[in-house]
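Undergrad:
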Amino acid sequence: MPFRDNGKRRELTTPERSRIVEARNQGASWRAIEREFPVTAQGVKKVFDRWKETGSLRHVKHKGRYKKLRESDERYLLQLATQNLHATLAEIVADSQLEISERTIGNLLQKHQFYVHLARCKPWLSPSSMKRRRHFRHEYHLMGPQWWQKHVYTDEVYISCGPQRHIRTYVQRPPHTAHQARYLAPTFIHNAKAIGFWGAFTSKGHSELVPLPVQTITKHDGKATTTTIPNSKTYINHILIPHIVPLYEELGGLSEGCRTIEDGATYHTSVETSRWRKMFGVVQLDWPAHSPDLNPIENVWPLWKQRFRSICQNPQKHPRTQEQTISLAQEIWEGLLWGRIYKWISWMPGHLEKLRQAKGGPIKY
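Residues in the sequence shown are numbered consecutively from 1, following UniProt numbering.
1) Name the two residues that bound the continuous alpha helix (DSSP H) containing arginine 58.
2) Let me know if isoleucine 20 comes out buried or exposed under the rule of 16 or more other beta-carbons within 10 Å of its beta-carbon.
3) Residues in the same chain with beta-carbon distance under 7 Å from glutamine 249, minus the five sequence neighbours each way, listed in chain order, please.
4) I'd like the list of long-range same chain contacts for tyrosine 345, defined as Cβ closer than 6 Å, with 5 residues on each side in sequence excluded.
5) Given that a residue counts as buried once 16 or more other Cβ atoms are within 10 Å of its Cβ, and exposed if not, what is leucine 209?
6) Going by DSSP, which residues form a beta bridge with threonine 154?
7) I'd like to confirm the pairing. Which residues does DSSP put opposite tyrosine 170 in its beta bridges?
8) At the level of alpha carbons, what is the spacing between lysine 233 and proline 213?
9) Who are the near neighbours of isoleucine 239 in its chain, counting only those whose CB is closer than 7 Å to its CB and skipping five residues on each side?
10) Just to confirm, is the Cβ distance from leucine 251 to valine 152 under 8 Å?
11) Grab the span of the alpha helix (DSSP H) containing glycine 350 for me, first residue to last.
12) Would DSSP call threonine 234 helix, strand or coil?
13) Helix, strand or coil: how does DSSP classify histidine 206 here?
14) Please confirm whether glutamine 180 and alanine 81 have their CB atoms less than 8 Å apart.
15) With distance defined between alpha-carbon atoms, name the residue in Ser270, Pro246, Trp287 and Lys317 nearest to proline 230.
16) Quickly, what does DSSP pair threonine 227 with across the bridge? List them, please.
17) Kindly give me the distance between the Cβ atoms of leucine 355 and arginine 133, rounded to whole angstroms, as I take these residues to be in contact under 8 Å.
18) So, at 8 Å on beta carbons, what are the nonlocal neighbours of tryptophan 51 in its own chain, with the 5 sequence-adjacent residues on each side left out?
19) DSSP on alanine 41, reduced to helix/strand/coil?
20) Measuring CA to CA, which of Ile195, Glu139, Pro127 and Ser129 is closest to valine 157?
21) Could you name the residues that DSSP lists as bridge partners for glutamine 26?
22) Quick check on DSSP: helix, strand or coil for isoleucine 159?
23) For isoleucine 195, write down the residues that DSSP places opposite it in a beta bridge.
24) Classify glutamine 97 as helix, strand or coil using the three-state DSSP reduction.
25) Can you tell me which of Thr228, Leu184 and Pro174 puts its alpha carbon nearest to the alpha carbon of glutamine 110?
26) For tryptophan 301, which residues from the same chain have a beta carbon less than 6 Å from its beta carbon, with the 5 sequence-adjacent residues on both sides left out?
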């Protein structure tokens with residue numbers, strides 16, 4: 001930059017800029033122009049680049065304040081946010097060792113569409129489980145909607161009207177990545193103490209909402225505890241014979257290639273349960289473990305729970321006893337829009353395509 005006689009810096013005049021552009025167009029190098037004009041080679045290049053970009057030789061003052069972060073700083077901060085998905089803005093500031101505020105990083109993340117979201121809860125999938133899911137997709141991806149409409153889709157669910165402690169996990173992620181494995185909050189099977197129900201539906205009808213009986217079991221230390229998780233005997237007497245067999249026969253049974261869709265719980269796969277299945281001619285589809293996101297009935301439970309909890313928020317309608325809770329749950333179950341729900345089974349080919357894209361990983365329900 002040129003200097004005045006008093007030693008202060010000054011801007012290049014328009015004739016000086018014109019001579020710089022003319023010299024460059026005639027093939028002069030940056031260093032040659034630098035020796036001719038009182039400006040550095042970098043300043044000469046800026047003048048020529050501005051003229052080439054705008055076609056003007058006038059000096060235009062910079063609008064607004066200069067950016068706090070360079071492009072390299074932005075890439076570095078985005079890398080830190082991606083490596084630690086659960087880090088707060090204050091932790092990212094401390095890790096970056098840059099003299100910036102939390103608001104600067106927040107604006108940068110929003111610019112690149114990184115927002116804080118509540119992590120979706122999904123069962124944890126081991127590499128072997130993902131491999132089994134890929135094999136399942138490869139085995140059945142050619143089956144059309146008509147084939148999937150021949151099956152009975154079943155599942156158990158647990159609810160509680162009492163206060164529940166929800167641990168919410170927030171992650172910073174780009175849009176449309178909610179169901180990628182690295183952005184999920186894994187859930188694990190546990191011994192639920194709430195009221196349990198069993199339900200099923202097909203393309204032609206649905207079962208009753210069956211409450212699971214409370215059982216008393218004795219642990220190894222001699223202490224007795226109650227649970228609603230059924231054993232093989234309870235499953236056979238309360239679910240398999242009175243509910244699954246009628247739905248199975250309604251679809252045509254084994255002669256029509258019907259199958260039951262159930263998870264890998266021990267009371268579904270035990271020797272005693274298998275013996276009774278064989279006795280009634282009920283065939284179970286080999287379902288991959290930890291794969292509720294493939295079962296269409298999993299889309300029924302959120303609707304059912306939402307209506308149940310909305311009614312429980314009303315103090316006058318809140319159930320006070322277990323019998324009232326069961327009655328309310330069964331009433332809501334029968335009031336669902338089953339004509340629309342039956343059509344969800346035809347989505348199964350689409351679910352398998354999503355499973356292929358996720359390479360056996362978690363997908364949207």
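All C-beta atoms in this analysis are idealised placements derived from N, C-alpha and C, irrespective of residue type, glycine included.
Computed from a predicted model, the values in this text were never measured in an experiment.
TA: Judging by the given coordinates:
1) Along the sequence shown, read from residue 1 onward, the residue named residue 58 stands at position 58. Looking at the DSSP string, arginine 58 is not in any alpha helix (DSSP H), and its letter there is neither H nor E.
2) As a first step, residue 20 is located in the sequence shown; it is residue number 20 there, counting from the start. So isoleucine 20 ends up on the buried side.
3) Taking the first residue of the sequence shown as 1, we reach residue 249 at position 249. It is worth fixing the name first, because residue 249 is glutamate in this sequence and not glutamine. Contacts found: none.
4) Position 345 of the sequence shown, counting from 1, holds the residue named residue 345. As written in the sequence, residue 345 is isoleucine, which differs from the tyrosine given in the question. If the five residues before and after isoleucine 345 are omitted, its C-beta is found closer than 6 Å to the C-beta atoms of Trp148, Gln149, Ser203 and Pro296, all from its own chain and listed in chain order.
5) Here residue 209 refers to the residue found at position 209 when the sequence shown is read from its first residue. By the Cβ-count criterion, leucine 209 is buried, with 16 or more other Cβ atoms from all chains shown falling within 10 Å of its own Cβ.
6) For the purposes of this step, residue 154 is identified with residue 154 of the sequence shown, where counting begins at 1. Beta-bridge pairing links threonine 154 to Ala200.
7) Taking the first residue of the sequence shown as position 1, residue 170 is located at position 170. Residue pairing by DSSP puts tyrosine 170 in a beta bridge opposite Leu118.
8) By one-based count along the sequence shown, residue 233 stands at place 233. By one-based count along the sequence shown, residue 213 stands at place 213. Cα atoms of lysine 233 and proline 213: separation of roughly 12 Å, rounded to the nearest angstrom.
9) The residue you call residue 239 lines up with position 239 of the sequence shown. Result list for isoleucine 239: Trp198 and Val210, in chain order.
10) By 1-based counting over the sequence shown, the position of residue 251 is 251. By 1-based counting over the sequence shown, the position of residue 152 is 152. Taking 8 Å as the cut-off, the beta carbon of leucine 251 is found closer than this to the beta carbon of valine 152.
11) By one-based count along the sequence shown, residue 350 stands at place 350. Per DSSP, glycine 350 belongs to the alpha helix (DSSP H) from 348 to 357.
12) One-based indexing of the sequence shown puts residue 234 at position 234. The three-state secondary structure of threonine 234, taken from DSSP, is helix.
13) Along the sequence shown, read from residue 1 onward, the residue named residue 206 stands at position 206. Histidine 206: strand per DSSP, three-state reduction.
14) Working through the sequence shown from its first residue, we reach residue 180 at position 180. Working through the sequence shown from its first residue, we reach residue 81 at position 81. In this structure, glutamine 180 keeps its C-beta atom at 8 Å or more from the C-beta atom of alanine 81.
15) The residue labelled residue 230 in the question sits at position 230 within the sequence shown. Taking only the C-alpha atoms, the option nearest proline 230 is Ser270.
16) In the sequence shown, counting from the first residue as 1, residue 227 sits at position 227. For threonine 227, which the question treats as bridged, DSSP gives the partners Gln215.
17) Taking the sequence shown and counting its residues from 1, the one referred to as residue 355 is at position 355. Taking the sequence shown and counting its residues from 1, the one referred to as residue 133 is at position 133. Taking 8 Å as the upper bound for CB-CB distance, leucine 355 and arginine 133 are in contact here, some 6 Å apart.
18) By 1-based counting over the sequence shown, the position of residue 51 is 51. Result list for tryptophan 51: Arg17, Val21 and Leu57, in chain order.
19) Counted from its first residue, the sequence shown places residue 41 at position 41. Here alanine 41 sits in helix by DSSP.
20) As a first step, residue 157 must be located in the sequence shown, where it is residue number 157. Among Ile195, Glu139, Pro127 and Ser129, the Cα nearest to that of valine 157 belongs to Ile195.
21) Counted from its first residue, the sequence shown places residue 26 at position 26. Glutamine 26 pairs with nothing; no bridge assigned.
22) Locating residue 159 in the sequence shown gives position 159, counting from the first residue. If DSSP states are grouped into helix, strand and coil, isoleucine 159 belongs with the strands.
23) As a position in the sequence shown, residue 195 is number 195, starting the count at 1. Ile159.
24) Translated into positions along the sequence shown, residue 97 becomes position 97. Looking at glutamine 97 - three-state DSSP - the assignment turns out to be coil, as it is neither helix nor strand.
25) Walking along the sequence shown from the start, residue 110 turns up at place 110. Of the candidates Thr228, Leu184 and Pro174, the one whose C-alpha sits nearest the C-alpha of glutamine 110 is Pro174.
26) Counting from 1 along the sequence shown, the entry for residue 301 is found at position 301. If we look at tryptophan 301 and ignore the five residues flanking it on each side, its Cβ neighbours are Val157.
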